[in-house]
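Numbering of the first sequence is given in numbering that gives the first Met the number 0, commencing with residue 0 and proceeding in unit increments.
Just so you know, even glycine gets a beta-carbon here, dropped at the ideal spot from N, CA and C.
Model, not experiment: these values are computed from the prediction.
Heads up, the thing below is written out as structure tokens.
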Amino acid sequence: MADKASPEKKSWADVEEEEEAKAKAAAEAAAAAASSSSTSESAVEAQVKQIESLSLAPPEDDAAGEEAPPLLDDSDDAQIQAVTSGGTVYESATTFEDLKLSPELLKGLHDEMGFSRPSKIQAITLPMILTPPYKDLVAQAHNGSGKTTCFVLGMLSRVDPNRRIPQAICICPTRELAQQNKAVLMRMGKFIGITCACAIPPAQKDYVPVSKMPPINDQIVIGTSGTLIKWITNKKVATREIKILVFDEADHMLAEDGFRSDSERMMRDIQRSAGGCQVLLFSATFNERVKDFVTKVIKDGNQIFVKKEDLTLEKVKQYKVQIPDEAAKIEVIRDKIFEFGQKVGQVIIFVRTKQSTKNVHNALTREDYVCSSIQGSLDQAEREKIIQEFKDGYTKVLISTDVLARGFDQAQVNLVINYDMPIKFGTRDEPDYEVYLHRIGRAGRFGRKGAVFNLLCGETDNVVMKKIENYFQHQVPEVRNWKNEEGFETALKDAGLL
DNA sequence: AAAAAAC
Numbered sequence: 000m001a002d003k004a005s006p007e008k009k010s011w012a013d014v015e016e017e018e019e020a021k022a023k024a025a026a027e028a029a030a031a032a033a034s035s036s037s038t039s040e041s042a043v044e045a046q047v048k049q050i051e052s053l054s055l056a057p058p059e060d061d062a063a064g065e066e067a068p069p070l071l072d073d074s075d076d077a078q079i080q081a082v083t084s085g086g087t088v089y090e091s092a093t094t095f096e097d098l099k100l101s102p103e104l105l106k107g108l109h110d111e112m113g114f115s116r117p118s119k120i121q122a123i124t125l126p127m128i129l130t131p132p133y134k135d136l137v138a139q140a141h142n143g144s145g146k147t148t149c150f151v152l153g154m155l156s157r158v159d160p161n162r163r164i165p166q167a168i169c170i171c172p173t174r175e176l177a178q179q180n181k182a183v184l185m186r187m188g189k190f191i192g193i194t195c196a197c198a199i200p201p202a203q204k205d206y207v208p209v210s211k212m213p214p215i216n217d218q219i220v221i222g223t224s225g226t227l228i229k230w231i232t233n234k235k236v237a238t239r240e241i242k243i244l245v246f247d248e249a250d251h252m253l254a255e256d257g258f259r260s261d262s263e264r265m266m267r268d269i270q271r272s273a274g275g276c277q278v279l280l281f282s283a284t285f286n287e288r289v290k291d292f293v294t295k296v297i298k299d300g301n302q303i304f305v306k307k308e309d310l311t312l313e314k315v316k317q318y319k320v321q322i323p324d325e326a327a328k329i330e331v332i333r334d335k336i337f338e339f340g341q342k343v344g345q346v347i348i349f350v351r352t353k354q355s356t357k358n359v360h361n362a363l364t365r366e367d368y369v370c371s372s373i374q375g376s377l378d379q380a381e382r383e384k385i386i387q388e389f390k391d392g393y394t395k396v397l398i399s400t401d402v403l404a405r406g407f408d409q410a411q412v413n414l415v416i417n418y419d420m421p422i423k424f425g426t427r428d429e430p431d432y433e434v435y436l437h438r439i440g441r442a443g444r445f446g447r448k449g450a451v452f453n454l455l456c457g458e459t460d461n462v463v464m465k466k467i468e469n470y471f472q473h474q475v476p477e478v479r480n481w482k483n484e485e486g487f488e489t490a491l492k493d494a495g496l497l
């Protein structure tokens, strides 16, 4: 019936224009493909070479004894490949000072954030973002490598603090990520005198109809697609002066089974009313399908991609554990994970469904273990409370759906449990490789050590795990005998956590 | 047979 032809609702884009744009995009993509394969192969190679050879010195000026986050290991981002478009040559930045940022912004980076030097992805992309003619950018880089700083700096450096109108928009897949990005932006931009609105649905107690809302006069708006669209269509967010539009977790924002239609609409509408603006797409993952689509959407932009085999973080050790049944999963978490995991830092347990968060939570609290759980159906106030308690370190173990799979940044998380393996919707044993990568990326933020336990129960789980190993070309060692404490202890020691 | 975002 409604299988194939999912009739999109065109609330604020007219169909004609869309069809026209599609045809044009296809033509231009074909032309681009034809020309890019023939033009200056050597120039591209030279650019790639230059980027690959870039190496960052370890931080030497960090106060000794302080727990300063280590700079990204060269090895982690070594395989980044960049292609610049249209002959613009960019010089990678060795220091933040190279980027001609305002003194206020530099102060924010150094004094407030405690950053001494750009990470690799920052060194490569920041010149591309900040140099006129402000080309669009698609950038892929490892989890925890500092992508947020790239686009936050981009937004902060492009807005005029004296103008009280939105000039930059950032769109995220979850409310938590929008709030987190806003928090980072406010810290980094602490000294430049701008404000930022978070466009997410309010908690029930704060509900105000959109029509009664005052217009947003903050320079920057960060939010989730539904609310952003609502605010824009109701003229609460003016888009005519938007200079930069950011999609965080861009592969998901542009995936067919993700937020593609919303994202396309926003892109088109904002580009139109602002008379063109810079578009930045950032993510740790771009599967081939999305990559194809993205490179058609961003025609004349710079591109940075990483091979999938190079995406697993060396410092995050993955393990698999054979578990006989569901009850045993709880037992393992209770006896092994809690035992060792909590000594080691904070833990996130990923499950497949909202109901599972409750089930696992109940099973564990019955046993008097302190943990909390989160999923998208909780009231906004409750979601915020749970996140706050976890970020404050008050709770050590958090059970979550994939609402937190992407982007959630908590340095103390160094243990991730896949209670359920991530599966592509509609399949039984086809792994969701991107979700897997994002989940394990919750550990090992910014080069820290971490461990992941994949709890495998039954044949399909093993099939899924095997496919994941093949896809990333990475053998995942097995923790033998789930009843044996030694196995887990050794694993955590090998991961450098004990 | 789902998570997410909104309605």
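If you draw a straight line from the alpha carbon of L244 to that of A273, how long is it in whole angstroms? 11 Å
Please work out which residues of its chain come closer than 7 Å, Cβ to Cβ, to M112, disregarding the five sequence neighbours upstream and downstream, and give them in chain order.
R186, M187
**OP:** State the start and end residues of the unbroken beta strand (DSSP E) segment that holds F452.
**Re:** 449-455
Exposed or buried, what is D431 when buried is set at 16 or more other beta-carbons lying within 10 Å of its beta-carbon? buried
**Request:** In the DSSP assignment, find the beta strand (DSSP E) that holds K390 and state where it starts and stops.
**Result:** For K390, no beta strand (DSSP E) run applies; the uninterrupted alpha helix (DSSP H) run containing it begins and ends at 379-390, by DSSP.
Notebook entry, point to check: Could you give the C-beta distance for V137 and V346, rounded to a whole number, given that I count them as a contact under 8 Å?
Noted result: Actually they do not touch by this definition, with Cβ atoms about 33 Å apart.
With DSSP as the reference, label L100 as helix, strand or coil. coil
inquiry  = Run through the DSSP bridge pairs and tell me what S210 is partnered with.
reply    = Note: S210 sits in no beta bridge, so no partner.
Margin query: With H, G and I counted as helix, E and B as strand and the rest as coil, what does DSSP make of A196?
Written below: strand
* Taking E484 and K335 to be in contact with their CB atoms under 8 Å, please state how far apart those CB atoms are, rounded to whole angstroms. => 6 Å
Would the beta-carbon of G222 fall within 8 Å of that of A177? yes
How many Å lie between Q121 and E366 at the Cα? In a straight line, the C-alpha of Q121 is about 45 Å away from that of E366.
> Going straight from the alpha carbon of K181 to that of P323, what length do you get?
Replying inline: 43 Å
Practice prompt. Classify R479 as buried or exposed, calling it buried when 16 or more other Cβ atoms lie within 10 Å of its own Cβ.
Written response: exposed
field: Cα-Cα separation between V456 and Q277, rounded to whole angstroms
entry: The amino acid occupying residue 456 in the given sequence is Cys; Val does not appear at that position. Spanning the two alpha carbons is a distance of roughly 47 Å.
Discussion item. Need the endpoints of the beta strand (DSSP E) that C169 sits in, please.
Written reply: Unbroken beta strand (DSSP E) run through C169: 167-171.
Residue range of the alpha helix (DSSP H) that includes A81:
Element bounds for A81: not the alpha helix (DSSP H) but the beta strand (DSSP E), 80-82.
Counterpart residues of A138 in DSSP-defined beta bridges = F281, I303
Between which two residues does the beta strand (DSSP E) harbouring D247 extend?
Counted as a single uninterrupted DSSP element, the beta strand (DSSP E) harbouring D247 occupies residues 243-247.
Practice task
Could you tell me which uninterrupted beta strand (DSSP E) segments, each at least 3 residues in length, are contained entirely in the stretch 285-363, listed from first to last along the chain?
Solution key: Taking only runs of at least 3 residues, the beta strand (DSSP E) segments lying wholly in the stretch 285-363 are 301-304, 315-321, 345-349.
Q.
Run through the DSSP bridge pairs and tell me what N417 is partnered with.
A. Per DSSP, F349, N453.
**Report entry** Between the CA atoms of E103 and R405 - distance to the nearest angstrom
**Finding:** Rounded to whole angstroms, R405 to E103 spans 30 Å at the Cα level.
*Sorted by chain position, which residues of the same chain lie with C-beta nearer than 6 Å to T173's C-beta, five sequence neighbours on each side aside?*
V402
(message) Using 8 Å as the cut-off, can you tell me whether the stretch 411-425 makes contact with the stretch 344-361, which would need three or more C-beta pairs spanning the two stretches below that distance?
(response) Three or more Cβ pairs closer than 8 Å define a contact, and the stretch 411-425 meets that threshold against the stretch 344-361.
**Item:** Neighbour-count burial assignment, A196, 16 or more Cβ in a 10 Å radius
**Value:** With 16 or more Cβ atoms within 10 Å of its Cβ, A196 is classed as buried.
Can you list the alpha helix (DSSP H) stretches of 4 or more residues lying completely in the stretch 213-242, in chain order? 224-232
Report task. Just tell me which of Q80, R427, K395, G192 has its CA closest to the CA of Q218. Result -> G192
message: Whole angstroms are fine: how far does the CA of Y206 sit from the CA of K134?
response: 39 Å
Euclidean distance between Cα positions of T87 and L129:
Rounded to whole angstroms, T87 to L129 spans 12 Å at the Cα level.
query: Excluding sequence positions up to five away, which residues of its chain have a Cβ less than 7 Å from the Cβ of S355?
result: So the qualifying residues of the chain are D419.
Helix, strand or coil at I50 according to DSSP, with G and I counted as helix: Caution applies to I50, whose pLDDT of 42 falls short of 50 and renders its modelled position unreliable; the model cannot decide the point.
Worksheet item: Whose C-alpha, out of P200, W230, A237, is nearest the C-alpha of L377?
Response: P200
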